[in-house]
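The structure appears right after this line, and notes come after that.
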Amino acid sequence: MTGRTGPADSEATRKPRRSTQQKSAISAELSTLGGFVSAQELHRLLNASGSGIGVATVYRQLNRLADDGEIDTVTSPDGERLFRSCHTAEHHHHIVCRQCGTAVEISPPVEQWLDDVGRSNGFTAISHTFEVFGICADCSTSAETS
Ligand SMILES: [Zn+2]
Ligand SMILES: [Zn+2]
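Here our numbering is used: the first residue of the sequence shown is 41, the next is one more, and so on.
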């Protein structure tokens, strides 16, 4: 308890603004991290820093940010959706550490080839996902030394 004396926030004062604040709290937290995180993990981090945002809200806002292209998303080998705030808004790909989520941005020379392959098979509106997973240098070193 913080000993606040003012009236408790009533339901009536809840405005759409609330969701904007949650959204910016979520993307601010995400941008302090270098790697990919799950919604669960981001929720834990947000709560550790005193935010009371519910896990369902974190899921919803992360998915919305990803759909809007404001953050990047990959699906882990376990099928979990992971999120990251990237340095560039341009189309790019990642190598992601399976253990700690650390990510490196890469530009594989496959963009044109994938397009051509799609078109030569009669497909239009070509898009692709390309995700590379591995164990980063830090994680493989600590596995050796422990
Ligand atoms: Zn790692
Ligand atoms: Zn690509």
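The beta carbon of each residue, even a glycine, is placed where N, CA and C say it ideally should be.
Since I believe residue j is in contact with residue i (beta carbons under 8 Å), could you give me their beta-carbon distance rounded to a whole number of angstroms?
i: E145; j: H127; result: 7 Å
i: L122; j: S67; result: The Cβ separation is near 15 Å, so there is no contact.
i: I111; j: G174; result: Incorrect: roughly 22 Å between the Cβ atoms, too far for contact.
i: A129; j: Y99; result: Rounded, the Cβ-Cβ distance is 23 Å, inconsistent with contact.
Got a sec? Which residues, its chain only, sit under 7 Å from residue i by beta carbon, not counting five neighbours each side?
i: E69; result: L82, L85, L86
i: Q101; result: Q62, K63, I66
i: S179; result: Checking the sequence shown, residue 179 turns out to be Cys, not Ser. Excluding sequence neighbours, C179 sits near C137, Q139, C140.
i: T97; result: Q62
i: S91; result: A65
i: P148; result: H133, F170
Check the DSSP bridge columns for residue i and list the partner residues they point to.
i: E81; result: For E81, which the question treats as bridged, DSSP gives no partner whatsoever.
i: F173; result: V136
i: V114; result: L122
i: T142; result: G75
How should residue i be labelled, buried or exposed, when 16 other C-beta atoms within 10 angstroms of its C-beta is the threshold for buried?
i: A183; result: exposed
i: H131; result: exposed
i: R159; result: exposed
i: H168; result: exposed
i: F163; result: exposed
i: F76; result: buried
i: R57; result: exposed
i: V172; result: exposed
i: V114; result: buried
i: S71; result: exposed
Apart from the five residues just before and just after residue i, which ones in its own chain have a Cβ nearer than 6 Å to its Cβ?
i: C176; result: C137, T142
Quick one: what's got a C-beta closer than 8 Å to residue i's C-beta in the same chain, skipping five residues either side?
i: D108; result: none
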